[in-house]
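Notes follow once the structure below has been shown.
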Amino acid sequence: MSDKNLKEKEHKYEDYPILRTIQENVIGNDLIVHGPYGPRKVVYCDYTASGRCLAFIEDTIRQHVLPVYANTHSSTGHNALQTTKLREEARHIIKECVNCGKNDVAIFTGSGSTSAFHKLAWALKINLLRVAEDTVVIVGPYEHHSNTLLWREYGTQVVRIKDDENGYVDITHLEEELKFWKEKRQHVLVVMSACSNVTGILTDTDTVAVLAHTHGALAVFDYASGGPYLKMDMNSSEKGYKDAIILSPHKFVGGPGTPGILFAKKWIFKNSVPDRTGGGTVIYVTKQIHCYSSNIEDREEGGTPDIIGCIRAGLVFQLKQNVGTDLIHHREEEACQKAFNIWSINPSIHILGSQTANRIPIFSFLTIHHASGKLVHHNFISLLLNELFGIQARSGCACAGPYGQDLMGISEPLAKKYITYLKDKRQGYEKNGPTKLEIVKPGFTRLNLPYFNDDEHINYIIQAVDMVTKHGWKLLPQYTFDGQSGTWHQRAEGHMDVNTLIRLRDLDFNHKRHLDWMTNSTVKKGPSFKEILNKAQKLFKDTETSSKTPNVSDTRFSRDALPRERCYRWFLTPEEATKMLSNSDLPVTGFRKRRYRHPFKVVQAVLESHNVDITETFRKGHSTDRSEKSIGSKNSKDSNINSDSDVFVNSLRTEDRKGNSFVNKQITLKKRFYSDSDVLGHFEPRSIKHSSRVK
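Heads up: the sequence shown at position 140 corresponds to 140 in the UniProt record's numbering, and the numbers run straight through without jumps.
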């Protein structure tokens with residue numbers, strides 16, 4: 001979208017007081033924490049994982065709900081009646097927001113989407129082996145583990161639809177699979193995420209639902225990541241209706257402490273016995289017989305429910321309704337444009353996924369150190385964002401391993417190799433070495449830009465990410481890592497120690513200490529965002545120009561926490577960063593330079609697009625003889641990527657925030673096959689199967 005169109009659609013933050021109200025009422029919004037670089041205000045950017053509580057919602061619960069609290073299974077007495085009324089009103093509000101009809105139910109269930117998926121599987125009797133074996137579940141390209149592991153464990157046939165060149169669900173592939181499985185299985189389910197929790201890319205749920213119903217399949221959508229921001233409609237059209245919607249209200253702002261919700265058509269509940277029997281599910285029990293309730297919502301919510309959580313869920317839905325999905329959409333569109341305007345001209349950051357697809361502002365990225373041809377470890381980047389800027393992000397695979405594997409260009413054989421480093425017991429490793437090496441587990445850094453944050457916060461987050469991805473590696477010599485856990489921490493005293501975090505045992509019920517329980521800092525106001533950015537810039541500059549000779553010996557111990565096969569260590573170490581910053585030969589023998597070919601195909605493509613002379617500094621002890629025997633040294637002359645078949649660079653003409661035109665090179669995989677000769681010896685190109693058919 002051009003800047004002109006952006007301005008035409010721009011919704012000024014100041015014009016919507018409700019946004020400021022939400023931001024200021026986030027509990028912990030003004031929290032100041034101490035770190036190695038001084039006090040920092042906490043800037044929470046992990047709403048994709050879980051929301052944060054809102055003061056006005058918690059005040060409402062404390063003042064109007066808790067005083068009249070009682071068990072909803074009690075049917076007499078003022079408190080029981082009032083509590084039951086509030087909970088059922090919350091259910092009604094939620095169903096109204098999702099456009100549920102008379103044939104739809106909303107069931108509160110357990111811990112988020114995971115519990116809702118299990119409830120759905122039980123309702124469809126997929127827990128029965130004979131049903132599971134006659135069921136195929138078609139999932140999308142960017143599913144959460146909760147929508148894959150469940151079906152695998154039940155023994156159903158799982159078919160994964162690939163994404164198209166724009167990053168969306170490949171509708172052509174979906175139609176092919178629906179036609180194929182229509183006659184092969186009695187039960188066909190299309191179960192897809194409405195929004196990726198890794199890239200924020202959206203699914204056209206109506207189109208997918210129509211296609212599924214046309215071929216006799218059920219259409220189920222996981223709104224765990226998209227629910228807080230997108231419009232949800234159980235009955236959007238005659239054929240575009242949803243058979244079920246899965247939801248995690250705890251991801252809404254104000255949502256922590258809420259149960260999962262399953263919206264579904266009544267006829268889906270073929271089970272006469274609920275998956276969790278207990279109080280509230282029956283109408284009568286004798287010594288020998290019992291009879292379950294015919295009311296699905298009563299029957300499927302066994303035991304005393306999370307009453308307060310259900311009421312809280314109703315309040316957060318009502319808040320979302322008051323804000324409006326149109327305003328949320330415009331705010332998020334502006335945030336995405338601001339981020340891409342800056343990050344797209346930063347060669348050190350690689351945003352995963354398409355930058356042109358419709359999306360919400362969830363960003364997962366890799367930090368590339370071009371001089372070495374390696375990545376800066378995602379856990380280090382996330383830690384640095386926290387310690388230097390106070391930004392709370394997440395690192396890892398975001399519970400979407402297969403999608404992350406695709407986005408980073410990690411072949412299946414390579415992924416299996418990394419698994420050997422992650423198991424508790426591995427063969428072929430030093431007897432006295434660690435039992436696992438979490439440090440080599442591939443991953444990325446993820447954060448989101450909340451729609452209710454003001455422009456100052458949004459701009460600060462964008463600039464901080466830009467700065468850390470460009471210069472963060474310069475602080476590596478100040479840090480070290482634990483190979484087994486994959487965690488990083490400062491070498492110097494004063495870094496945050498988990499033992500210094502507050503504990504439940506610190507709460508004193510007999511004194512007023514508990515009033516200040518959450519206060520771990522005497523500083524009431526930290527430095528401004530501008531001051532933090534200026535200090536960070538100066539820190540990076542001073543580190544680069546410092547004439548002090550780094551102490552290499554401090555970094556040596558970490559070498560024992562690295563894989564022996566050098567080609568699998570894909571990240572820059574503190575020792576290598578120290579050498580690069582020293583501008584002189586280190587007093588360490590046994591180092592040699594050799595071209596490093598990155599095992600992640602997408603990263604290698606980015607490096608090649610910049611025509612960088614990639615070298616790696618190897619540690620003492622990797623002799624030529626040992627290196628030749630290690631996996632990855634074979635057939636090096638055949639290990640070049642075929643740029644015509646593996647990857648392509650998509651040049652996108654766009655404009656920066658000043659109106660200057662530039663070309664944004666978007667690196668994506670062209671075909672889903674890889675030649676693994678560069679990292680796993682010589683293999684013939686092999687296809688990564690997105691579906692497995694059993695005729």
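Every residue, glycine too, gets a C-beta built ideally from N, C-alpha and C.
Helix, strand or coil: which one does DSSP assign to L447? strand
In whole angstroms, what separates the C-alpha of L366 from that of H377? Going by the C-alpha atoms only, they are around 8 Å apart.
Can you check which of these residues, L202, K530, R299, is closest to G227 by C-alpha distance? Nearest option by C-alpha distance: L202.
Along the chain, where does the alpha helix (DSSP H) that runs through G404 open and close? 401-408
Three-state secondary structure assigned by DSSP to K689: No answer about K689 holds up, because its pLDDT of 38 lies below 50 and its placement is not dependable.
Give every residue of the same chain whose Cβ lies closer than 7 Å to the Cβ of L129, excluding the five residues on either side of it in the sequence, and list them in chain order. G155
In angstroms, rounded to a whole number, what distance separates the CA positions of I18 and V323? 7 Å
Would you kindly work out how many angstroms separate the C-alpha atoms of P67 and E175, rounded to a whole number? 54 Å
For M580, three-class secondary structure by DSSP: helix
Stretch-stretch touch, CB-based, cutoff 8 Å, three pairs: the region 53-66 with the region 452-471: no
Who pairs with D104 in a beta bridge, going by DSSP? K265
Reducing DSSP to helix, strand and coil, say where H377 ends up. coil
How far does the beta strand (DSSP E) with P39 in it reach, from first residue to last? 38-41
Taking 8 Å as the cut-off, decide whether the C-beta atoms of V136 and F389 are in contact. no
Under 8 Å, do G112 and A224 count as touching if we go by C-beta distance? yes
How should L319 be labelled, buried or exposed, when 16 other C-beta atoms within 10 angstroms of its C-beta is the threshold for buried? So L319 counts as buried.
When you compare the region 81-89 with the region 278-288, are there three or more beta-carbon pairs, one atom per stretch, that lie closer than 8 Å? no
For H370, which of R312, G396, Q23, K470 has the nearest alpha-carbon? With distances taken between Cα atoms, H370 lies closest to K470.
The beta strand (DSSP E) that contains S193, what's its start and end? 187-193 is the extent of the beta strand (DSSP E) around S193.
How would you write the range of the alpha helix (DSSP H) that R331 sits in, first residue to last? 325-343
Taking P347 as the reference, which of L149, G77, S609 has the closest Cα? S609
What are the boundary residues of the beta strand (DSSP E) that H489 is part of? 488-490 is the span of the beta strand (DSSP E), which, as asked, contains H489.
Taking P527 as the reference, which of I27, I32, H11 has the closest Cα? I32
According to the neighbour-count rule (16 or more other Cβ atoms, all chains shown, within 10 Å of its Cβ), is S294 buried or exposed? exposed
Select from V316, V440, D406 the residue whose C-alpha is nearest the C-alpha of L375. V440
CB of I22 within 8 Å of CB of G314, strictly: Cβ distance not < 8 Å, so I22 and G314 don't count as in contact.
Whole-angstrom Cβ separation of Y13 and P450, contact assumed at under 8 Å? Y13 to P450, Cβ: 12 Å. No contact.
Taking 7 Å as the limit between beta carbons, can you name the residues of its chain near R359, skipping five residues before and five after? T199, G200, I201, L202, C336
Give me whichever residues DSSP pairs with T214 in a beta bridge. The partner list for T214 (beta bridge, DSSP) is empty, contrary to what the question assumes.
Please go through the same chain and pick out, in chain order, the residues whose beta-carbon is closer than 7 Å to the beta-carbon of K125, but skip the five residues on each side of it. For K125, where only same-chain residues beyond five positions count, the Cβ hits under 7 Å are V131, K270, N271.
Do the region 237-250 and the region 397-412 make contact, defined as three or more Cβ pairs closer than 8 Å? Judged by Cβ distances under 8 Å, the region 237-250 makes no contact with the region 397-412, as fewer than three pairs qualify.
Taking the alpha-carbon positions, what's the A415 to E531 distance? Whole-angstrom Cα-Cα distance: 42 Å.
Do you know offhand how far A357's Cα is from D204's? 11 Å
Could you check which residue in E438, K41, W473 has the C-alpha nearest to that of G28? K41
If we ignore side chains and look at the alpha-carbon of each, how far apart do V208 and S196 end up? 15 Å
Among L178, G255, A264, L230, whose alpha-carbon lies nearest the alpha-carbon of I246? A264
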